[in-house]
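Chains as they are written, first to last, in my numbering: chain A, 1124 to 1317; chain B, 5 to 101.
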C-alpha cells in the first residue's frame, strides 16, 4: 500500500468511518461514546444541551443532567435523520443511523480538551467583552479551534446521513440540513420542557 | 517489460460506443466463427463490478457476509449494489434501443 492510499484511508477513517463500520458494531461503539458523555458532563461541568451543542457551565449538580442531555441530543438527531431519509423512501436502518450519529459526536468530546485549557476566566458578558491581551488571543484561538471541531462534527454527521440513507443530490442536502435544524429545535424544546 | 493483465474491451476507443463481438475463435482447433453479436450485460461491467456480482452469488446474496468479507459496512455494500442495479438497468435499456 502506498503512502497516498494510506493517507486516503486514514482520512476516510477520520471523516467517513461509516464506509467501514455499520450494523451492531457501530451501535456498540455509539453506545460507548454516548456513555462517555455522562461522566465527562458530570465531572467536568459540561452540558450537551441540544443536538449540536456543548457548553462549559459553572456546575453540573446531578448525574441525571448529562444522562438526559446525551439521550435527548442522540435520539433527536438519529430520529430526525431517520425520518428525513424515510420521507425520501431511503432503505435506511435504525441500527446504522443510531450508531453513526453517536460516533459522529467524537469531535465534540475531543473539543472539550482545548475548551478547558483555553477558556478565559470570566464571570459575565461584560468581562468577556472587555478581555485584553493574552486572554483575548486565547479566546480567539479557542473560537477557531472550536469551529474546526464543529466542522469536523458536521462532516461526520453529513457522511453518516449520506452513507446510511444513500440519498443523492437535492434530496441528500435537503434531508441533511432539514434534519439537523429540526433535531436542534426539537432537542432544545425538550430541554426547556424538562 | 511490465506484464499487464488483459481486459475485455467493451467500449470503442475511437468513438466511445459499445463494442460488439465480430469473431470468436476456438483455441483448440483454430476454428473461427464470425458474425455480429451483442455483448451480454454482465460482460459490459467493469472487473470490480463483476467481482462484486460473483461475491454476491458466492455469499448467497448475503450483504452482511459480503460486508464482513470486504471489510466494509453493510450500508456501503448495499449502496454499491444499488448503484450496480441502476447501471445494469441503464445497460439493458441501451441494449433494447
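Every residue gets a Cβ at the ideal spot worked out from N, C-alpha and C, and that includes glycine.
Problem - Contact under 8 Å by Cβ, residue 1238(A) with residue 1265(A) - result: Contact flag set, yes.
Handout entry: chain B contact for residue 1192(A) (CB, 8 Å cutoff)
Key = So, not an interface residue.
Practice task
Counting only the same chain and skipping the five closest in sequence on each side, list residues whose C-beta sits under 6 Å from that of residue 37(B).
Solution key: Only 28 meet the Cβ criterion.
Handout entry: residue 67(B): contacting residues in chain A (beta-carbon distance under 9 Å)
Key = None at all; the shortest Cβ gap to chain A is about 10 Å.
Problem - Extent of the continuous beta strand (DSSP E) run through residue 90(B) - result: Element bounds for residue 90(B): not the beta strand (DSSP E) but the alpha helix (DSSP H), 78 to 100.
Handout entry: Residue environment, residue 1124(A), which counts as buried when at least 16 other CB atoms sit within 10 Å
Key = Only weak support exists for where residue 1124(A) lies, its pLDDT of 42 falling under 50; the coordinates are left without a value.
Problem - Proximity of residue 1152(A) and residue 1226(A) at Cβ, strictly below 8 Å - result: Yes. Within cutoff.
Practice task
Put residue 1307(A) into one of helix, strand or coil per three-state DSSP.
Solution key: Residue 1307(A): helix per DSSP, three-state reduction.
Exercise for the section: List the residues that DSSP assigns as beta-bridge partners of residue 15(B). Expected result: Paired residues: 22(B).
Handout entry: First through last residue of the alpha helix (DSSP H) which encompasses residue 1269(A)
Key = Element bounds for residue 1269(A): 1256 to 1288.
Exercise for the section: Using a Cβ cut-off of 9 Å, pull out every chain A residue sitting near residue 99(B), in sequence order please. Expected result: The contacting residues do not exist; residue 99(B) stays about 25 Å from chain A at best.
Handout entry: Below-8 Å beta-carbon distance, residue 83(B) vs any chain A residue
Key = Chain A contact via Cβ: present.
Exercise for the section: Measuring only between beta-carbons, confirm whether residue 1282(A) sits less than 8 Å from chain B. Expected result: Judged by the 8 Å Cβ criterion, residue 1282(A) is not in contact with chain B.
Exercise for the section: From the DSSP output, in three-state form, read off residue 1168(A) for me. Expected result: Of the three classes helix, strand and coil, the one that applies to residue 1168(A) here is coil, per DSSP.
Problem - Minimum C-alpha distance to residue 1276(A) - residue among 1183(A), 1232(A), 1167(A) and 1257(A) - result: When only C-alpha atoms are compared, the closest one is 1232(A).
Handout entry: 7 Å Cβ shell around residue 1219(A) - same chain, five flanking residues per side excluded
Key = If we look at residue 1219(A) and ignore the five residues flanking it on each side, its Cβ neighbours are 1145, 1146, 1149 and 1287.
Problem - Distance, residue 1155(A) Cα to residue 17(B) Cα - result: Their backbone Cα atoms lie some 53 Å apart in a straight line.
Problem - Limits of the unbroken beta strand (DSSP E) element including residue 38(B) - result: Counting along the chain, the beta strand (DSSP E) containing residue 38(B) begins and ends at 36 to 42.
Exercise for the section: Mark residue 1316(A) as exposed unless 16 or more other C-beta atoms lie within 10 angstroms of its C-beta, in which case mark it buried. Expected result: Counting the other CB atoms within 10 Å of its CB gives residue 1316(A) a total below 16, which places it among the exposed residues.
Practice task
Just confirm the distance between the C-beta atoms of residue 76(B) and residue 1142(A), as a whole number of angstroms; I'd bet it's less than 8 Å.
Solution key: Sure, about 6 Å apart at Cβ, within 8 Å.
Practice task
Give a yes or no on whether the minimum CB-CB distance between residue 1224(A) and chain D is below 8 Å.
Solution key: Reference to chain D is not applicable here, since the protein chains of this structure are A and B.
Problem - Alpha-carbon spacing of residue 97(B) relative to residue 84(B), whole angstroms - result: For residue 97(B) and residue 84(B), the gap between their C-alpha atoms comes out near 20 Å.
Problem - Stretch-stretch touch, CB-based, cutoff 8 Å, three pairs: the segment 61 to 78 of chain B with the segment 1198 to 1208 of chain A - result: Note that the segment 61 to 78 of chain B does not touch the segment 1198 to 1208 of chain A; fewer than 3 beta-carbon pairs, one per stretch, sit closer than 8 Å.
Problem - Given residue 1313(A) as reference, the closest of 1174(A), 1129(A) and 1133(A) once Cα atoms are compared - result: Among 1174(A), 1129(A) and 1133(A), the Cα nearest to that of residue 1313(A) is on 1174(A).
Exercise for the section: Using a Cβ cut-off of 9 Å, pull out every chain A residue sitting near residue 75(B), in sequence order please. Expected result: Near residue 75(B) (Cβ distances below 9 Å), the residues of chain A are 1143.
Exercise for the section: Can you grab the Cα-Cα spacing for the pair residue 33(B) / residue 40(B), in whole Å? Expected result: In a straight line, the C-alpha of residue 33(B) is about 22 Å away from that of residue 40(B).
Handout entry: Opposing strand residues paired with residue 1178(A) [DSSP bridges]
Key = The partner list for residue 1178(A) (beta bridge, DSSP) reads 1170(A).
Problem - Cβ of residue 86(B) within 8 Å of any chain A Cβ - result: Interface residue, yes.
Handout entry: Three-state class that DSSP yields for residue 29(B) in the structure shown
Key = Residue state, collapsed to three classes: strand.
Problem - Coarse secondary structure for residue 1187(A), derived from DSSP in three states - result: Three-state result, residue 1187(A): helix.
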